[in-house]
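Down below is the structure, laid out as structure tokens.
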Amino acid sequence: SVVLNGYIYVLGGARNTNLILNTVERYNPQTKSWEDTIVPNFVQPRLDAAAIVFDGKIYLTGGRNSQGDITDEVEIYDPGSNAWSSGERMNRERRGHSAVILNGSICVMGGFREGTDYVDEIEWFDYYGSGEWEKADTDIVSPRSNMFAAAVNNRFYMFGGIAVVPISSAY
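Per this note's numbering, residue 55 is the first one in the sequence shown, and the count goes up by one each step.
Okay, here's the thing in structure tokens:
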């Protein structure tokens, strides 16, 4: 979920293991009501995607689609036109990852591809420069998925999540 222009947006997910959603529900805190017909559905149904607000738009990154594939696709919602468009694809497909705004760019980190193939790479979208996703110079020390992340003072922090711990370092 993300907050944009005073509304809370809930994007995608699944109703059960066989029904991955491409729906958007919008909550209006002023009226204390859900508005599920205001925002159009995004194109590719997905779960375990990461959403972030940047430059007045919602960026929906990665996730697992309805065919079971993990994707690198990005969709962008513009509230001004009330429409979704395709964004620049990430360099790495991932699901269960996190996204933050860091130094004026979208930064995605972690997640996994299949099974225990956790992604240790961090990439960022160079919105004001190349307009492409670029790999960061450093990787995550302890790769993980489904974690919480926050950015403060030009640093990002990750909390919790799921990681594979080798037997030799398990307690």
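In this text, a Cβ means the ideal position worked out from N, Cα and C, and glycines have one as well.
Item                                                                                                                                           : Value
Kindly identify the DSSP beta-bridge partner or partners of A190.                                                                              : Answer is none; A190 lacks a bridge partner.
Counting C-beta neighbours from all protein chains within 10 Å, is the total for R69 16 or more, i.e. buried, or is it exposed?                : exposed
So, are the CB atoms of I74 and L114 less than 8 Å apart?                                                                                      : no
CB I106 to CB I62, shorter than 8 Å?                                                                                                           : no
Would you kindly report the start and end of the unbroken beta strand (DSSP E) that includes Y113?                                             : 111-115
Would you mind giving the Cβ-Cβ distance between R118 and R149, rounded to the nearest angstrom? I have them listed as a contact below 8 Å.    : 5 Å
What span of residues does the beta strand (DSSP E) with T77 cover, start to end?                                                              : 73-82
Looking at C-beta atoms only, is the number of pairs between the stretch 118-132 and the stretch 83-99 that lie closer than 8 Å three or more? : yes
Determine the burial state of G134: buried for a count of at least 16 other Cβ atoms within 10 Å of its Cβ, exposed for fewer.                 : exposed
Tell me which residue opens and which closes the beta strand (DSSP E) that D132 is part of.                                                    : 128-132
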